[in-house]
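There are 2 protein chains.
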Amino acid sequence: MNQPYPSALLENAVNEFSKLPGIGRKTALRLVLHLLRQDDQHVGSFAEALLTLKKEVKYCSSCHNISDSEICNICSDTSRNSSVVCVVENIKDVMAIENTVQFKGQYHVLGGIISPIDGIGPSDIEITSLIERVKNKDVKEVIMALSATMEGDTTNFYIYRKLAPLNVKVSIIARGVSVGNEIEYTDEVTLGRSILNRTPFDESYKLS
Amino acid sequence: MNQPYPSALLENAVNEFSKLPGIGRKTALRLVLHLLRQDDQHVGSFAEALLTLKKEVKYCSSCHNISDSEICNICSDTSRNSSVVCVVENIKDVMAIENTVQFKGQYHVLGGIISPIDGIGPSDIEITSLIERVKNKDVKEVIMALSATMEGDTTNFYIYRKLAPLNVKVSIIARGVSVGNEIEYTDEVTLGRSILNRTPFDESYKLS
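For the protein sequence lines, the chains are A and B, in the order given.
Each residue of the first sequence is one higher than the one before, starting from 424 at the first, in the working numbering.
Each residue of the second sequence is one higher than the one before, starting from 424 at the first, in the working numbering.
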């Protein structure tokens, strides 16, 4: 029912934008028309930023986080504890945990999660490099910080079994009632877990 | 409070994306990481589409719609009635009206609307070219199809006064109760206008 676009160039740009996740054709058109109203330099720097990123981006050879150098800022920061490694699915999780300012160890970015439905097996993500890292570096604790989903659980168990023969402590982030959430509206699995994993309480207890 | 991005290239790309309207930094990061997962060719064609559009896009010399050629498809379509010109704010309005399949005349894209608050005056939009077009071409009717806002009204009146001395009929699209909307919830200005502008009714009346 939709009439063709008045310009093939416009349609092409809209097509490219609407390939992005969560961007429909209407939003794509709005974004393209916005760019079209900007000056040449603006659009040039937009395109250039993407091309440069794609061409020159590196992944840290130790933790596989996105990095501008061979070793990322976090891995090369000597004030951080290299004997504690937090395993996460992707770079967004690294940024989320860094924002808590609660963790001073290093990370290992899997770059995905075991998901048979999506055809992602253990060899598609950075598990072997994690095992090698634990074997060869002085890693004392591996903290699993994956999503509380079936895929996260599968990945947790797979990695746990690979790490079990090695002399390393494996822990998992706490599941419990979210700070600010009401007990009444917390799902029963989370609530049950929060009772099992209760922590000591005294006058010094603070939520954050 | 936010920690820096792990890569300056990544941050740069996120900055560029978050300049787009309605795209926050979280969405920008999601889009950039999505592109990063695609192959080089995909990202290349994305950037290329934008650069080519910006560099090569033309505006129809008659109606100022976006076009791949000197004269756009609509203006060069001889089956359309060139004596009726519909005045719209932008290309999205052209597409919306084309989608109704109710209009077989031509358009004139103002490329904006008179808005003193935004510093947009009559000389910033394609009003002079509209007057010239009416003067020099055989235009019998100009249909004003601008938004029903104060800026739209201002622009309507400004153009009307410019056209008044010329031998051309000026009309305006009907304001009334939206098809599908309930009378009860229609604002009173629209409802009042719909009563004043009532149309003849008989057995052949159809909404669409």
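Glycine included, C-beta positions come from ideal geometry on N, C-alpha and C.
In terms of beta-carbon proximity, Val511 of chain B stays away from the interface with chain A, with every pair separated by 8 Å or more. For Glu564 of chain B, the secondary structure class from DSSP, reduced to helix, strand or coil, is strand. Interface residue (Cβ-Cβ distance to chain B less than 8 Å): Ala451 of chain A is not classified as such. Residues of chain B whose Cβ lies closer than 7 Å to the Cβ of Ser570 of chain A do not exist; the shortest such Cβ separation is about 16 Å. Here Gln529 of chain B is bridged, per DSSP, to B:Val508.
Among the residues of chain A, none has a CB under 7 Å from the CB of His487 of chain B; the nearest is roughly 11 Å distant.
Shown here, Lys592 of chain A sits in a strand according to DSSP, grouped into three states. Counting along the chain, Arg621 of chain B sits inside no alpha helix (DSSP H), nor does DSSP assign it H or E at all. Put simply, the CB of Phe526 of chain A is far from chain B, with every gap to its CB atoms at 8 Å or more.
Contact with chain A is absent for Leu533 of chain B, since none of that chain's Cβ atoms lies less than 8 Å from the residue's Cβ. Of the other Cβ atoms in all chains shown, fewer than 16 fall within 10 Å of the Cβ of Lys592 of chain A; this residue is therefore exposed. The beta carbon of Ser468 of chain A falls within 8 Å of a beta carbon belonging to chain B, placing the residue at that interface. Annotation: the continuous alpha helix (DSSP H) that includes Ser468 of chain B extends over 463 to 479. For Ser617 of chain B, the secondary structure class from DSSP, reduced to helix, strand or coil, is helix. Our two residues, Ser484 of chain B and Arg460 of chain B, have alpha carbons roughly 41 Å apart in a direct line. In summary, Gln464 of chain B is exposed, with fewer than 16 beta-carbon neighbours lying within 10 Å of its beta-carbon over all protein chains present. Across the structure, Glu471 of chain B and Phe440 of chain B are spaced so that their CA atoms are roughly 16 Å apart.
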